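Each protein sequence line maps, in turn, to chains B and A. For the first sequence, this note's numbering begins at 1 and goes up steadily by one. For the second sequence, this note's numbering begins at 1 and goes up steadily by one.
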Amino acid sequence: MSEQHIKVLVAKKKIDVHGRGSKLIAQELRDAGMEVVYFRFGTVDDIVNAVVQEDVDVLALSIFTSGHLAITQKLIPALKARGVDDLLLVMGGCIPEVDFDALRGLGAHEVFLPGLPGEVVADYIKQNVGKRSLAETGKLAAAAQ
Amino acid sequence: MKPFVATTEHPDRAISRLISLLERGQQEGVQRIKKLYPHCGRAHVIGITGPPGSGKSCLVSALIGAFRARGKSVGVLAVDPSSPFTGGAILGDRDRMGAFAADPEVFIRSFATRGSSGGLAAVVNDAVDVLDAFGKEVILVETVGVGQIELDIAQLAHTVLLVLVPGYGDSLQAMKAGIMEIGDVLVMNKADQPGADRAVNDLCFQHPLKFGATEYKCSRYNAQHWGVPVVKTCALKNTGLDDLVFLASEHYAFLQRQDLLSEKNRQRRKKQFLDILSHSIRNSFLTVLKTDPDLQRWTSKIETLDIDPYTAAEKVIQFIQFAREAAVNTKHS
Ligand SMILES: Nc1nc2c(ncn2[C@@H]2O[C@H](COP(=O)(O)OP(=O)(O)O)[C@@H](O)[C@H]2O)c(=O)[nH]1
Ligand SMILES: [Mg+2]
């Protein structure tokens, strides 16, 4: 039963005006059969709290204005401090490609370019859910420093 | 009885993990929840139901604030429908409820209905017990009041708030007959919109009633002789919330006074037990059916109509009866 119901938190910055992109990805993931908690956050703690209480398999973080590096840097230690390690973290929105490697180094499992067809993200999630952990990315981040 | 205290994990994580285990029907969850029942039975369970878009989630958010201001810890279970085609769902309630991340006394969890056979009512039943055992004093259960599952869930609440909006007549017609009867308090939300007063008056078939020192408009008496009050709210501006919390608490006190609360709890446990029992019997029977050659011979007879399904079912029941008597006899001899 569990594997059929992948639960995703689609989190979007409250102040980002571009709600369309995150709403669209939420709908595309729903159409791919996933259960999507749609959530606009103010602080990193808002995200951590939602991840913990909803016990999602996947966090899809959508960021349109800047701040993606700072958020990711705070987010992953904060998640681990609350005992979350078995989470797949994907990012998207409007993130410059030059930052992709830095984000992966910080612990994001995958970063997506804007405007990709929804199946790309859904397929990535289906292939990787339950197989990646934040612990693994922590080592990467440590090695990168 | 004291709340259950998780020693190994952050309590929110412990609650959340346990609910997931139960949602997936895993045995580990069953083993864990067994230990929680001695800690259950103190929470006031409030159902919030009504048509989509009537402002239930916004109202839940306002209610969380109102109960927190009164020092009560709050658990929220929010249910949204799954798509019958893809099985996917958008769970948007949490987004409306935001802003409580810094408060450890608030726990919010979203659920998808997963179709009528998904067993959601059982999961929500368990989740109520988990939150109750972990010490949440008020548990708010939001459902879209349309389908049978939602009605089942609304019925496990002690108090049901039925949320309507001005011009509700049309939206009510889209809902199931009988929906009006499940409300213990009728809430006219979006009272800032035109037509709110007329809509309230349209619902009132009784003289106003006094609750405490205050008089409220009243819809009708329900089967328990509780006069169903009607209250106007505006969830976005936080108006009417004091009245709503007061009336919900009055209803709870009424249930206690009339000895209806323990009766409600007994009914809920009886139904839960029968549901669990029939579910387990069904499951173990289906497992046996897959492996037992005798039973397979039977089913093939049913399939070819060599024996009719009613007679076959009667024979199985007789067989279980014999087995039970045999067991009783050996114990006594
Ligand atoms: N004008 C007005 N709008 C409201 C009020 N409460 C909620 N809404 C709006 O109604 C819409 C649906 O609210 P939501 O809480 O998601 O409804 P639900 O589907 O019943 O949970 C949102 O756009 C809210 O902003 C209210 O008291 N007044
Ligand atoms: Mg809602």
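Where is the CB? At the ideal position from N, CA and C, for every residue including glycine. All of these numbers come straight from a predicted model, not from anything done at the bench.
At a cut-off of 7 Å, the beta-carbon of residue 134(B) does not count as near ligand 1: no heavy atom of the ligand is closer than that. By the rule that beta-carbons nearer than 8 Å mark a contact, residue 113(A) does not touch chain B. Residue 61(B) and residue 57(A) have their C-alpha atoms spaced approximately 23 Å apart.
Within its own chain, the residues whose Cβ lies closer than 7 Å to the Cβ of residue 260(A), once the five positions on either side in sequence are excluded, are 224, listed in chain order. Around the Cβ of residue 324(A), a 10 Å sphere holds fewer than 16 other Cβ atoms; the residue is exposed. For residue 107(A), at least one C-beta of chain B is nearer than 8 Å to its own C-beta. Taken in chain order, the whole beta strand (DSSP E) runs of length 3 or more contained in the segment 171-211 of chain A are 185-188, 209-211. Interface with chain A (8 Å Cβ-Cβ cutoff): residue 99(B) is excluded.
Distances from the CB of residue 47(A) to the heavy atoms of ligand 1 are all 7 Å or more. The beta carbon of residue 35(B) sits closer than 8 Å to some beta carbon of chain A. The continuous beta strand (DSSP E) containing residue 91(B) extends over residues 88-93. Using beta-carbon distances, residue 26(B) counts as an interface residue toward chain A, with a partner under 8 Å. At least one heavy atom of ligand 1 falls within 7 Å of the beta-carbon of residue 235(A). The nearest non-hydrogen atom of ligand 2 is less than 7 Å from the C-beta of residue 93(A).
Residue 25(B) is a Cβ neighbour of residue 92(B), given a cutoff of 8 Å. Excluding sequence positions up to five before and after residue 109(B), its CB lies within less than 8 Å of the CB of 88, 89, 90, 128, 132, 137, all in the same chain and listed in chain order.
Among the residues facing chain A, residue 54(B) is included, as its CB has a counterpart in that chain under 8 Å away.
Chain B places no beta carbon closer than 8 Å to that of residue 135(A), leaving this residue out of the contacts. Residues of chain A whose Cβ lies closer than 7 Å to the Cβ of residue 60(B) do not exist; the shortest such Cβ separation is about 13 Å.
Listed along chain A, the residues sitting closer than 9 Å to residue 40(B) by beta-carbon distance are 95, 98.
Taking a cut-off of 8 Å for Cβ pairs, the segment 130-139 of chain A and the segment 31-46 of chain A touch, as three or more such pairs fall below it. Residue 95(B) has its alpha-carbon roughly 10 Å from the corresponding atom of residue 103(B). Taken through DSSP and simplified to helix, strand or coil, residue 141(A) comes out as strand. By the rule that beta-carbons nearer than 8 Å mark a contact, residue 140(A) does not touch chain B. Among the residues of chain B, those whose CB is under 7 Å from the CB of residue 20(A) are 55, following chain order. When 83(B), 101(B), 119(B) are compared, the shortest CA-CA separation from residue 14(A) is found for 83(B). Boundaries of the beta strand (DSSP E) harbouring residue 218(A): 218-221, taken from the DSSP string. Residue 51(B) has its alpha-carbon roughly 13 Å from the corresponding atom of residue 81(B). Rounded to the nearest whole angstrom, the CA to CA distance from residue 232(A) to residue 180(A) is 16 Å. The DSSP-derived three-state label of residue 278(A) is helix. Along the length of the segment 61-133 of chain B, whole alpha helix (DSSP H) runs at least 4 residues long occupy 68-81, 100-106, 118-128, reported in chain order.
Residue 30(B) and residue 12(B) do not touch by the CB rule: their CB atoms are close to 15 Å apart, not below 8 Å. Taken in chain order, the members of the segment 62-84 of chain B whose beta-carbon sits within less than 7 Å of a beta-carbon on chain A are 82, 83. Annotation: residue 57(B) to residue 65(B) spans about 25 Å, alpha carbon to alpha carbon.
Inter-segment contact for the segment 79-94 of chain A and the segment 104-116 of chain A is present: three or more beta-carbon pairs are separated by less than 8 Å.
When Cβ-Cβ separations below 8 Å define contact, residue 287(A) makes no contact with chain B.
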